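See structure below.
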Amino acid sequence: FPESQGETLLVEVHDANKVTQDRAIIKVSSLIDNPSDRFWWWPLYHDDHKCVGNVQFSIGSTITYDEANPIKCAQVVETLAYDLVLESAMRAQHFHPKNFWIQGP
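Sequential numbering of the sequence shown, starting at 4, is according to our numbering.
Pasting the structure below:
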């Protein structure tokens, strides 16, 4: 997770050979500009100049509870990669959806 507003998040789309095809660069400060916003869209760029699709981020809350521990609540930032959103990027790069995978926590 980012530690300061000056940091950026880098979202990359890789092909089956793990070669970066598309990317979105998101400034953390833009996530907190309007705290009431719950969804943000960023363009995915090929070679840093051609927009080939979008990725959506959302901010939500998680609540954990069990009988041994009190309720814990915290905001988390997560990405929601929808098939329809990334379809144009995959089509532009001529790779098949079955080769699409997400790596990381």
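Using N, Cα and C, we set each Cβ at its ideal position, and we do this for glycine too.
Everything numeric in this text was worked out from a predicted model, so none of it was measured.
Proximal residues to residue i (C-beta, below 7 Å), its chain only, five neighbours per side dropped
i: Trp44; result: Asn57, Gln59
i: Ile28; result: Thr11, Leu13
Close beta carbons around residue i, own chain, < 6 Å, minus the five adjacent residues each side
i: Glu10; result: Val31
i: Thr23; result: Glu15, His17
Three-way DSSP call (helix, strand, coil) for residue i in this model
i: Val31; result: helix
Close Cβ partners of residue i (< 8 Å) along its chain, the five nearest in sequence each way excluded
i: Cys54; result: Pro46, Leu47, Tyr48
i: Arg26; result: Leu13, Val14, Glu15, Val16, Leu47, Tyr48, Asp51
Identified DSSP bridge partners for residue i
i: His49; result: Asp25, Lys53
i: Glu15; result: Arg26
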